[in-house]
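The sequence shown runs 1 to 389 under full-length UniProt numbering. Glycine is no exception: its CB is placed at the ideal position from the N, C-alpha and C atoms. Everything on this sheet refers to the single structure shown next.
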Amino acid sequence: MPYYRSVGKIPRKRHTQFRKPDGGLYAEELMGTEGFSSDSALLYHEHLPTAIVDAREWEPPAGRTVPNRPLKPRHFKTHKLDPGSADAVTGRQLLLANDDVRIWYVVADRTSPLYRNAAGDECVYVESGEAVLESVFGALEVGQGDYVIVPTSTTHRWVPRGAAPLRALVVEATGHIAPPRRYLTERGQFNEFAPFCERDLRAPTEPLLVEGEDVDVYVRHRAGGTRFTYAHHPFDVVGWDGCLYPYAFNIADFEPITGRIHQPPPVHQTFAGPNFVICSFVPRKFDYHPLAIPAPYNHANVDSDEVLFYVGGDFMSRKGAGIEIGSISLHPNGFTHGPQPGSVEASIGKEFTEELAVMIDTFRPLDLGEAALACEDTSYAWTWSGRRR
């Protein structure tokens, strides 16, 4: 994270005695990245965060994948994926994956188990519904349009709120997810040309204390999964400070960059991960050159697979393709894609777009998960020719 926060009670100096009202010491935990040399947080626990009483093997949500063969564009209708009662951790359904990133869809109506992803950061985009992300850092209320970044090894759980289930796209990285470096000064502040800033980010503001003994935490790690049983509930942090913590950013706070002619996708970039980027397409003014063509041009992403999650508004360039709210399109490296027939002429003279979408570009090919194949619109690839099969 690019800036410092302090929540709850902490001592004046780090790594010094910090005593409880009964005279005992709070247990200090440094949660840090890149071997003590990058972002970190210091947490102060009522009990030892190391005190486990059991460890058993656990099989995390997985799902088989197959290569995108024959190579072709794909369209997945995620709203067909409704498993019934599920939670936001064990109920994830795998859509797409490679060695850098795994993309899931989840429909959750119940509280998840305590969970810790020790293999990488997670970015959860809330398509609809409301929830509270409870973690060792505190509680964070999230809702429609929120990106929620959960740092590696954060112990947390998802608690849906309200009558409607939580619908979300989950991006699991094999490393860290952060704002693009070009948006930040050398000291880590958002610079003036960034499309969002520190004021737009929300994080826990007070400790969350939960009592309990012999509490299970499910951990995904590089070798698989383990269920640890802790002597005391891990939500016993009385205070923390640092630059590493979960936070939320709402897509409505992304300020679009526009120009006289059509702007390329990098102007929409919101986050960067290992070998992938996440972009936000939001309502914006169209190009204002007198001869501008607002519809995107045909393009071949020769280094990446492009995933677009359609979450709101009107998708002018996709008219006639069967795209709807909740659709995900996959345009792979090796396939030239662009607007549907008639969209280019129809866009001329348009001044504004209401589209809302999340894009993930990966720099290695994506394989297809079982959930994607279960909700695929198999006629999509032929829509540019008008010969639907």
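Starting from residue i and walking both ways along the alpha helix (DSSP H), at which residues does that stretch end?
i	result
A374	370-374
V344	343-347
Based on Cα-Cα distance, which residue from the options lies nearest to residue i?
i	options	result
T336	R181, R74, V219	R74
D39	R12, G242, E370	G242
T111	S343, D87, A119, L356	D87
L244	T154, A231, L184	T154
E28	H156, R202, V237	V237
V142	L373, Y125, T152, H156	Y125
I328	A374, G342, I10	A374
G145	P83, A97, R199, F254	F254
residue 390	A248, R220, G313	No information on residue 390 is available, as it lies outside the stretch 1 to 389 that the chain covers here.
G322	F281, T152, K77, Y230	K77
I325	G334, V311, L48, H331	V311
P339	R202, W384, A252	W384
N252	F281, A231, Q269, H232	It should be pointed out that residue 252 corresponds to Ala in this sequence rather than to Asn. With distances taken between Cα atoms, A252 lies closest to F281.
D367	F352, H47, R64, P11	R64
P266	V358, L201, L96, P246	V358
E355	H268, A223, P21	H268
D314	H299, V302, G334, S343	S343
E211	A300, P21, H45, R5	H45
residue 414	S85, H289, M31	With the chain covering 1 to 389 only, the question about residue 414 has no answer from this structure.
Pull up the CB-CB distance for residue i and residue j, whole angstroms please, since I reckon it's below 8 Å.
i	j	result
L140	P204	5 Å
K363	N275	Here residue 363 turns out to be Phe, not Lys, going by the sequence shown. F363 to N275, Cβ: 5 Å. Contact.
I103	I360	7 Å
R157	L114	5 Å
P207	V7	7 Å
P256	P195	7 Å
G369	L81	Their Cβ separation, rounded to whole angstroms, is 11 Å, which puts G369 and L81 out of contact at 8 Å.
P179	P246	Their Cβ separation, rounded to whole angstroms, is 15 Å, which puts P179 and P246 out of contact at 8 Å.
G225	E172	With 8 Å as the limit, G225 and E172 do not qualify as a contact, their Cβ atoms being about 13 Å apart.
Run through the DSSP bridge pairs and tell me what residue i is partnered with.
i	result
H45	A27, V237
N117	R220
K77	S327
V66	L368
G143	Answer by DSSP bridge pairing: none, since G143 is not bridged.
G242	R5, A41
G273	F276
T353	R284
A97	R102, D367
Provide the residue span of the beta strand (DSSP E) that contains residue i, from first to last.
i	result
P21	No beta strand (DSSP E) contains P21, which DSSP labels as neither H nor E.
V7	5-8
L166	166-173
D54	52-57
V311	305-312
P160	156-161
N250	247-250
V126	122-128
Cβ of residue i within 8 Å of Cβ of residue j?
i	j	result
F235	V136	yes
D287	P365	no
P127	R167	The amino acid occupying residue 127 in the given sequence is Glu; Pro does not appear at that position. Cβ atoms of E127 and R167: closer than 8 Å.
R19	L42	no
A231	H47	yes
V106	G91	yes
I293	S347	yes
L71	G334	yes
A272	R202	no
Would the beta-carbon of residue i be found less than 7 Å away from any heavy atom of the ligand HEM?
i	result
D99	Among the ligands in the structure shown, none appear at all, so the ligand HEM cannot be discussed.
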